[in-house]
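All remarks here apply to the structure that follows.
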Amino acid sequence: MVISVIFLAVFTTAGLGNLLDQMWIKTENSGFVNASTPNLDYTSLSLFQLYPVNDQYLKFTVKACSYAFIILASDIYLFSFYDYRIVIGAGNNSKINFRRNYDLIIISFDISTPGILNCTKHKSFELNWTVSGRITLMSGSKMVMNWTDPLPISIKGVGITTGLGSVGLWKVEHYSKFTGFYCGEPGAYGSMTLLSTIKKHSRVDCVSLCLVRDDCLGINFNCKTEECQIIAAGQQVIKMVV
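Read left to right, the sequence shown gives residues -17 to -1, 1 to 225 (mature numbering (1 follows the signal peptide of the UniProt record, and there is no 0)).
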């Protein structure tokens, strides 16, 4: 079972309109897998109340040595025979592998991208898709994939994982519906079962506690009171408004 860790952190200041959030998700090594592996245990972003299909793009950073997997599926829970699979850093971090599954019509190709991932640094990406079938992937400011499907699949779910010895730490961007953040201002926080509540001087210190625990799903940190809440794993993310 893939263990996912999510950090409920909003990195923008309070104000009017939508705010840019970052969900931090850790994916463990899924083993000896590739883009054609059936029933691969992807971590569905919908579990974290993230729905990139609404905007038809996924903007993220990932820190991994190789083999960062993304699936665009025709089912929100990823139980589908129709999907696109993208492996960033395949071939020991030398290429992108793309695979399209549609009944018996399978399309697969590789794109040479040596060193596209980094074991110690986050690399930024933006994946876009359209109803007309065009799929593009940006690595930083460079477009590394641009392909149009002649028989487009309707995307309903998005998932991520890592494999072949690699562990990934992802930061997935999305826009909050709330006008603030849980840091002494009105806004969003995770209302879930807690493992513990302690005092920490910074959000980074609070996040560090979660990183070393397999039973930690994420954190709430209040900048004003320096209260650090450690959220228990094995539950769905529930956002509340202070």
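Don't be surprised by glycine CBs; every beta carbon is placed ideally from N, CA and C.
- Residue environment: M175 is assigned as buried (16 or more neighbouring CB atoms within 10 Å of its CB, all protein chains considered).
- If you look at A215, you'll find it in the beta strand (DSSP E) that goes 210 to 215.
- Per DSSP, the continuous beta strand (DSSP E) segment holding V70 begins and ends at 66 to 72.
- DSSP assignment within the region 108 to 163 yields the following whole beta strand (DSSP E) runs of 3 residues or more, N-terminal first: 117 to 122, 125 to 131, 140 to 145, 151 to 159.
- With at least 16 other beta carbons inside 10 angstroms of its own, P35 counts as buried.
- Taking 7 Å as the cut-off, the Cβ atoms of T26 and G142 count as close.
- Taken atom to atom, the span from the alpha-carbon of G14 to that of C211 is near 33 Å.
- The bridge partners DSSP lists for D93 are N80.
- A residue is called buried when at least 16 other Cβ atoms come within 10 angstroms of its Cβ; Y50 meets this threshold and is buried.
- Classified as buried, Y67 has 16 or more neighbouring CB atoms from the shown chains inside 10 Å of its CB.
- By the C-beta criterion, the region 173 to 192 is judged not to be in contact with the region 118 to 135, since fewer than 3 inter-stretch pairs fall below 8 Å.
- Residue burial annotation: T96 is buried, with at least 16 other C-beta atoms found within 10 angstroms of its C-beta.
- For K139, the closest alpha carbon among the candidates A216, D24, F64, G148 is that of F64.
- Out of K106, N12, M121, V190, the CA that lies nearest to the CA of T44 is found in K106.
- Beta-bridge partners of S179 (DSSP): I213.
- Apart from the 5 residues on each side of it in sequence, I53 sits with its Cβ closer than 6 Å to the Cβ of I69, I143 in its chain, given in chain order.
- S124 and N75 have their C-alpha atoms roughly 23 Å apart.
- Taking the CA atoms as reference points, S115 sits about 26 Å from Q32.
- Bounds of the alpha helix (DSSP H) holding C193 are 186 to 194.
- Counted as a single uninterrupted DSSP element, the beta strand (DSSP E) harbouring N205 occupies residues 199 to 205.
- DSSP lists S107, K154 as the bridge partner or partners of T44.
- Across the set L87, C102, R83, N101, the C-alpha of R83 shows the shortest separation from the C-alpha of D93.
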